[in-house]
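A.B. asks:
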Amino acid sequence: MRTLTFTGIAVGIALLVATATSVLVENEYFFSASYTVLQFVVLATAWNILGGFTGYVNFGSAAFFALGAYSGIALDKLTSAPLPLVILAGAAVAGLVGLGMGYLTLRLRGVFFAIATIALAEVLFTLVVNWDYVGGARGAYVALAQTPPLGFRSMGRLLFTVMALMAAGAVSIARFVQVSTLGRGLAAIRDDEMAAECSGVPTLRLKLISTTLSGALMGMAGATFPWFLSYVEPHGVFSLSYAVNSIAMPLIGGMYDWAGPVIGALLLGGLQQILQVNVPADWNLFLVGALLVVFVTVAPHGIMGWTRRR
Amino acid sequence: MSGSLFANALVSGLLLAGFYAAVSVGIAIAFGMLDVVNIAHPAFILLGSYAASVANSAFGIDPILTAAALSPAFFALGAVLYRLYHASFERRGREPLRGLAFFFGILFVTEVALILAFGVDYRSVNTGYIGTTWRFGAVDLPLRLFVPFVVSLAMTVGLQIFLSRTFFGRTVLAVGQDQVALHLMGVDPVRVKQLAFGISIATAGVAGALLVIIQPVQPSLGREYIGLVFAIPVLGGMGSIAGTLVGAAVLGIATSFTATFFGPSWAPAVSFGVLLLALAFRPSGLFGR
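Note that the protein sequences, when read in sequence, are chains A and B.
With our numbering, the residue at position 133 of the first sequence is 133, and numbering never jumps.
Throughout, our numbering is defined as the position within the second sequence, counted from one, plus 310.
Now the structure itself:
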């Protein structure tokens with residue numbers, strides 16, 4: 001019941017913020033910037049379900065994001081499906097790939113799993129580059145409707161609302177995972193997998209649930225991306241910056257709590273959106289990488305760790 | 311399939327394999343022997359490429375000379391980096407995943423720093439032998455590949471002799487197996503690992519110079535080599551330099567045949583695909599215990 005209450009509050013806040021900004025804010029750039037920040041909230045939360053709760057590092061976030069985006073492209077080319085269906089499809093495809101990746105590699109030591117995720121990302125990238133139906137290396141366009149549905153004033157505003165709802169959903173799922181017995185099992189795996197296995201925790205099954213859920217949420221975040229830019233090309237969606245950001249945000253916010261990635265994503269994502277206007281994009285990425293290195297070295301428990309110790 | 315096409319693919323695969331050995335021998339040491347999962351290794355390779363390219367375009371120095379001259383600097387860089395890694399992660403106990411994130415951050419920061427310093431354009435080197443190709447009947451032997459092949463084999467075999475014949479080399483082999491025993495022998499394992507990690511990064515610098523002889527480089531090229539540098543030691547059975555040579559031969563030939571018969575755009579997936587399969591079905595390597 002508490003989970004339902006929390007979900008209700010999260011969705012309520014998302015709707016309230018979306019409605020209020022839609023009425024009050026005139027500047028279209030606000031919606032595109034906020035969409036990007038919320039997209040990182042979803043990505044960081046999804047990464048943290050596997051990375052923070054379970055203790056398995058996924059370097060292939062960009063690949064799952066791209067799977068979502070390309071599911072959208074493929075579905076749009078087949079039949080111009082409505083957005084909710086696209087989101088479901090993106091989540092399903094990325095979740096299935098997450099499940100498959102888990103089956104292949106989760107019997108390995110954590111380090112090998114991490115390396116395998118890099119390999120998986122690169123293999124998927126090569127497949128997409130060579131897949132002509134979705135545009136190959138040239139990329140693909142998505143035709144946008146002349147007037148956005150449901151009475152929204154622009155596509156940007158509609159997508160912002162959709163992403164706000166997805167962020168609320170992702171955070172609610174992450175919180176549910178954390179407080180449920182599932183989360184306790186995952187934490188046991190993170191702290192000592194051998195001991196967990198010996199105590200009767202079904203480690204492989206829990207890890208598979210974790211990779212599937214994490215992958216599906218990343219795919220969900222990527223599914224609407226083609227409509228956000230109206231153009232998708234492999235180098236863009238497979239960009240290493242998605243992987244780095246979705247690791248840096250939970251690390252900076254704190255990995256052991258659902259709130260950590262949210263704080264990290266809002267801070268780091270917001271900072272990048274502000275900087276983007278003022279400094280070249282490469283300095284922006286340099287900052288994210290440098291913050292990641294500094295935080296992991298100096299403050300291993302992130303911002304949440306500061307409050308907890310006192 | 312024509313015979314000469316086949317022979318040429320085989321020869322260039324073997325030449326490529328020599329270069330692959332140089333690229334991955336550092337990981338065989340760092341990951342296989344020291345248990346330091348340095349996924350930033352390709353970033354140091356690219357650093358070596360850029361150093362060689364800058365020295366070549368400014369002073370006309372041969373990339374291999376630059377690599378030899380700079381290897382003490384790369385060694386020192388590795389030694390310092392290991393100190394930092396040890397103080398922040400190893401000493402605090404079981405936090406290998408934060409160490410991974412640390413190296414991932416280093417990889418990314420180095421890549422972006424190269425973009426900021428040199429832009430995203432391709433850089434290359436000019437030497438007398440790059441355009442030359444020796445022909446033996448129908449088989450081509452481009453010096454662009456043959457020179458890196460020779461240098462790399464010399465470096466790999468030299469390292470193998472050094473590690474198996476000297477006292478220090480044997481402490482490196484021992485440090486991954488039993489640190490307490492090493493302590494009892496009067497050897498400081500942290501110091502051994504520090505020096506060995508320095509050697510590992512020094513090989514990355516040399517491999518970078520070889521890379522820029524073989525092909526033009528740009529900053530994001532490094533991550534294409536992550537799969538390769540890990541696939542080869544994993545295939546070769548982790549921590550065995552002879553195994554690394556075999557793993558390099560497998561991947562070199564596989565990559566060359568893929569590029570010849572399916573097109574170069576599929577080649578990058580080979581090393582990663584082999585790595586995924588190796589991890590899934592034979593994580594202890596082809597000759598694993």
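The beta carbon of each residue, even a glycine, is placed where N, CA and C say it ideally should be.
Please read all numbers here as calculations on a predicted model, not as lab measurements.
Among A:241, A:182, A:202 and A:191, which residue has its Cα nearest to the Cα of residue 213 (chain A)?
C.D. replies: Nearest C-alpha to residue 213 (chain A): A:182.
A.B. asks: Using a Cβ distance threshold of 8 angstroms, determine whether the region 368-385 of chain B contacts the region 501-513 of chain B, with at least three qualifying pairs required.
C.D. replies: Yes, the region 368-385 of chain B is in contact with the region 501-513 of chain B.
A.B. asks: Would the region 579-587 of chain B and the region 117-131 of chain A be scored as touching if the rule is three or more Cβ pairs under 8 angstroms?
C.D. replies: Cβ pair count under 8 angstroms is three or more, so yes.
A.B. asks: Can you find at least 3 beta carbon pairs, one from the region 57-65 of chain A and one from the region 209-227 of chain A, that sit closer than 8 angstroms?
C.D. replies: As far as the Cβ criterion goes, the region 57-65 of chain A touches the region 209-227 of chain A, which means the pair count is three or higher.
A.B. asks: For the beta strand (DSSP E) that residue 131 (chain A) lies in, which residues bound it at each end?
C.D. replies: Per DSSP, residue 131 (chain A) belongs to no beta strand (DSSP E) and is neither H nor E.
A.B. asks: Which of helix, strand or coil does DSSP assign to residue 53 (chain A)?
C.D. replies: It is coil, neither helix nor strand.
A.B. asks: Drop a sphere of 10 angstroms on the beta-carbon of residue 77 (chain A), count the other beta-carbons inside from all chains shown, and report buried for 16 or more, exposed for fewer.
C.D. replies: So residue 77 (chain A) counts as exposed.
A.B. asks: Between the alpha carbons of residue 201 (chain A) and residue 180 (chain A), how many angstroms are there, rounded?
C.D. replies: Each residue's Cα considered, the two are about 14 angstroms apart.
A.B. asks: Would you kindly report the start and end of the unbroken beta strand (DSSP E) that includes residue 576 (chain B)?
C.D. replies: Counting along the chain, residue 576 (chain B) falls outside any beta strand (DSSP E), and DSSP gives it neither H nor E.
A.B. asks: Check for me: the alpha helix (DSSP H) holding residue 326 (chain B) runs from which residue to which?
C.D. replies: Residue 326 (chain B) -> alpha helix (DSSP H) spans 313-337.
A.B. asks: Mind pulling the chain B residues with CB within less than 9 angstroms of residue 26 (chain A)?
C.D. replies: Neighbours of residue 26 (chain A) on chain B: none; closest Cβ ~35 angstroms, over 9 angstroms.
A.B. asks: Using a Cβ-Cβ cut-off of 7 angstroms (strictly less than) and excluding sequence neighbours within five positions of residue 296 (chain A), which residues of its own chain qualify?
C.D. replies: Taken in chain order, the residues that qualify are 251.
A.B. asks: Starting from residue 418 (chain B), find everything on chain E with Cβ-Cβ shorter than 7 angstroms and list it in chain order.
C.D. replies: The chain inventory of the structure shown lacks chain E, comprising the protein chains A and B.
A.B. asks: For residue 447 (chain B), tell me which candidate among B:592, B:468, B:318 and B:397 has the shortest Cα-Cα distance.
C.D. replies: For the residues B:592, B:468, B:318 and B:397, the minimum Cα distance to residue 447 (chain B) belongs to B:318.
A.B. asks: Helix, strand or coil: which one does DSSP assign to residue 282 (chain A)?
C.D. replies: In this structure, residue 282 (chain A) counts as helix in the three-state DSSP scheme.
A.B. asks: Which of the three DSSP states is assigned to residue 147 (chain A) in this structure?
C.D. replies: The answer is coil: DSSP assigns residue 147 (chain A) none of H, G, I, E or B.
A.B. asks: Within its chain, find whatever has a CB closer than 7 angstroms to the CB of residue 6 (chain A); leave out the 5 residues flanking it on each side and keep chain order.
C.D. replies: If we look at residue 6 (chain A) and ignore the five residues flanking it on each side, its Cβ neighbours are 172 and 175.
A.B. asks: Run through DSSP, which three-state label would residue 15 (chain A) get?
C.D. replies: Helix, per DSSP.
A.B. asks: What does the Cβ neighbour count give for residue 370 (chain B), buried or exposed, with the cut at 16 atoms within 10 Å?
C.D. replies: Under this definition residue 370 (chain B) is an exposed residue.
A.B. asks: On the three-state DSSP scale, how would you describe residue 108 (chain A)?
C.D. replies: DSSP places residue 108 (chain A) in coil when its eight states are reduced to three.
A.B. asks: Given a threshold of 16 other Cβ atoms within 10 Å of its Cβ, counted over all protein chains shown, does residue 357 (chain B) qualify as buried or as exposed?
C.D. replies: Residue 357 (chain B) comes out buried.
A.B. asks: Does the structure place the region 314-329 of chain B close enough to the region 449-458 of chain B that three or more beta carbon pairs sit under 8 angstroms?
C.D. replies: As far as the Cβ criterion goes, the region 449-458 of chain B touches the region 314-329 of chain B, which means the pair count is three or higher.
A.B. asks: Mind pulling the beta strand (DSSP E) runs of 3 or more residues that sit fully within the region 442-470 of chain B?
C.D. replies: Qualifying beta strand (DSSP E) stretches, in chain order: 443-446 and 449-452.
A.B. asks: To the nearest angstrom, how far is the alpha carbon of residue 458 (chain B) from that of residue 436 (chain B)?
C.D. replies: Going from the Cα of residue 458 (chain B) to the Cα of residue 436 (chain B) covers about 14 angstroms.
A.B. asks: Would DSSP call residue 432 (chain B) helix, strand or coil?
C.D. replies: If DSSP states are grouped into helix, strand and coil, residue 432 (chain B) belongs with coil.
A.B. asks: Is there a C-beta anywhere in chain A that falls below 9 angstroms from the one on residue 340 (chain B)?
C.D. replies: Judged by the 9 angstroms Cβ criterion, residue 340 (chain B) is not in contact with chain A.
A.B. asks: Using three-state DSSP, classify residue 316 (chain A) as helix, strand or coil.
C.D. replies: Because chain A is modelled from 1 through 310, residue 316 (chain A) falls outside the range shown and cannot be assessed.
A.B. asks: Do residue 159 (chain A) and residue 35 (chain A) have their C-beta atoms closer together than 9 angstroms?
C.D. replies: A contact, by the Cβ cut-off of 9 angstroms.
A.B. asks: Under 7 angstroms between beta-carbons, which chain B residues line up against residue 114 (chain A)? List them in chain order, please.
C.D. replies: Chain B residues near residue 114 (chain A): 410.
A.B. asks: At 4 residues or longer, what runs of the alpha helix (DSSP H) sit wholly inside the region 239-267 of chain A?
C.D. replies: You should have 240-253 and 259-264.
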